[in-house]
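S.K.: Numbering (this note's numbering), first residue to last: 1097 to 1360.
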Amino acid sequence: MSDERSPYPPTALVTGAAAGMGAAFARALAREGYRLILVDRDGERLRVTADTLPADCETVTADLTAEADLARVEERCREGVHLLVNNAGFGHPTGFITTPVAAEIAMSRVHVEAVLRLTLAALPSMIERRRGGVINTASALGFFPSSTYSATKAWVINFSRSAAVKVRADGVAVTVLCPGFTRTEFHDSAGMDMSKIPRFLWLEADAVVATALRDWRRRRAVSVPGWQNQVIVALARLLPMRLIDRIIAGAGKRPLAVRGETAD
Ligand SMILES: NC(=O)c1ccc[n+]([C@@H]2O[C@H](COP(=O)([O-])OP(=O)(O)OC[C@H]3O[C@@H](n4cnc5c(N)ncnc54)[C@H](OP(=O)(O)O)[C@@H]3O)[C@@H](O)[C@H]2O)c1
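#1: Count the other C-beta atoms from every protein chain shown that fall within 10 angstroms of the C-beta of GLY1356, then say buried if there are 16 or more, exposed otherwise.
#2: When you measure from the CB of MET1288 to every non-hydrogen atom of ligand 1, does any distance come out below 7 Å?
#3: Just confirm the distance between the C-beta atoms of PHE1121 and VAL1135, as a whole number of angstroms; I'd bet it's less than 8 Å.
#4: Please state the DSSP three-state secondary structure of ARG1131.
#5: Please report the distance separating the alpha-carbon of ALA1040 from that of PRO1336.
#6: Cutting at 6 Å between CB atoms, please list the residues of its own chain near THR1148, excluding the five before and the five after it.
#7: Taking the beta strand (DSSP E) that ILE1193 falls in, what are its first and last residues?
#8: Whole-angstrom Cβ separation of GLY1276 and ILE1328, contact assumed at under 8 Å?
#9: In whole angstroms, give me the CA-to-CA distance for GLY1346 and ARG1257.
#10: If you pair each beta-carbon of the segment 1176-1193 with each one of the segment 1150-1157, do three or more pairs fall below 8 Å?
#11: Under a three-way DSSP split, which group does PHE1279 fall into?
#12: Kindly indicate which three-state DSSP category ILE1293 falls into: helix, strand or coil?
#13: State yes or no: is the C-beta of VAL1230 within less than 8 Å of the C-beta of ALA1218?
#14: Shorter than 7 Å, the distance from the beta carbon of PRO1196 to the closest heavy atom of ligand 1, or not?
#15: Any chance you could list the alpha helix (DSSP H) runs of at least 4 consecutive residues sitting entirely within the segment 1107-1170, in chain order?
#16: Take ALA1286 as the anchor and find which of ALA1114, VAL1177, ALA1151 and THR1190 has the nearest alpha-carbon.
#17: Please work out which residues of its chain come closer than 7 Å, Cβ to Cβ, to VAL1305, disregarding the five sequence neighbours upstream and downstream, and give them in chain order.
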């Protein structure tokens, strides 16, 4: 979905662009000739990422849990971008019974409020030009009742599918990316020990992003990278809810070893 009708390069705004999948989105879009607006809370790291890219990059240091910062990024989206990638996100080291409520609210601000506000700010100019779109990063966990994290990602999946249905006729594509285990800083940042996760379940960030961009161009509402994750998501859709609840309850007794806490 390149901007053939414009003499200017298309612009993509990527949140959480200093690391992991956000940086992989930035690399892929730079190669495709996009002009980039890269958003992350660590400005120094963001500039280092931007300096490595063969693209015209603007960096925006913003913590999406902070109202003034979110409003600034929202304004940037309202000015018009061709592609918005809502990718920033994080997990908690402990289950929600023991996580401070302020940390839960911060997670829902980044995973829910920021995704909502940036998408709503970006869509009108896309609809007016009848091109462009949004990729929202959720998670394969969003198909399971496993945690506040999975609950926020379930919201991202439902909201993105709703937006995709609404704007499809306007020539705008919305895709929700639902990755499984992906090699990034995500689990280290959350203090999770992932050593027990089988190797075959892991994907590389660049491969996940290539699938997301391919599916977005094909105007697919849901992108699940890798056969492993496709099987997992298919099971979530096909198995009875009570069985899934039992599996999740069993997995909770064998948590991803988060420093002695259960990963609810
Ligand atoms: N990796 C996986 O296995 C996996 C699986 C499914 C879904 N996901 C989702 O994929 C997305 C990207 O995660 P990743 O795996 O690439 O993780 P990552 O390597 O930790 O990168 C996430 C980036 O988002 C930034 N970020 C976090 N909170 C922010 C905030 N409040 N404001 C601005 N930037 C913020 C992080 O900055 P800091 O480093 O400063 O925190 C980091 O640069 C997330 O939405 C995550 O939930 C990941």
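For each residue, glycine too, the CB sits at the ideal point set by N, CA and C.
M.R.: Reading from the atomic positions:
#1: Low confidence applies here, because GLY1356 scores a pLDDT of 34, under 50, leaving its location unreliable and the question unanswered by this model.
#2: In terms of side-chain proximity, the C-beta atom of MET1288 is found no nearer than 7 Å to any non-hydrogen atom of ligand 1.
#3: The distance from the Cβ of PHE1121 to that of VAL1135 is about 11 Å, inconsistent with a contact at the 8 Å cut-off.
#4: ARG1131: strand per DSSP, three-state reduction.
#5: Missing from the structure shown is residue 1040; the chain here goes from 1097 to 1360 and no further.
#6: Excluding residues within five positions, none has a Cβ falling inside 6 Å.
#7: From DSSP, ILE1193 is part of no beta strand (DSSP E); its letter is neither H nor E.
#8: Rounded, the Cβ-Cβ distance is 6 Å, consistent with contact.
#9: Pairing GLY1346 with ARG1257, the inter-Cα distance amounts to about 30 Å.
#10: Put simply, the segment 1176-1193 does not touch the segment 1150-1157. Fewer than three CB pairs are less than 8 Å apart.
#11: Residue identity check: residue 1279 is Arg in the sequence provided, not Phe. ARG1279 sits in a strand when the DSSP states are folded into three classes.
#12: In the three-state reduction of the DSSP assignment, ILE1293 falls in the coil class, being assigned neither a helical nor a strand state.
#13: The Cβ atoms of VAL1230 and ALA1218 lie closer than 8 Å to each other.
#14: No; taking the cut-off as 7 Å, the Cβ of PRO1196 has no heavy atom of ligand 1 nearer than that.
#15: Counting only runs of 4 or more, we get 1116-1127 and 1139-1147.
#16: Taking only the C-alpha atoms, the option nearest ALA1286 is THR1190.
#17: Around VAL1305: MET1117, ALA1120, PHE1121 and ALA1124.
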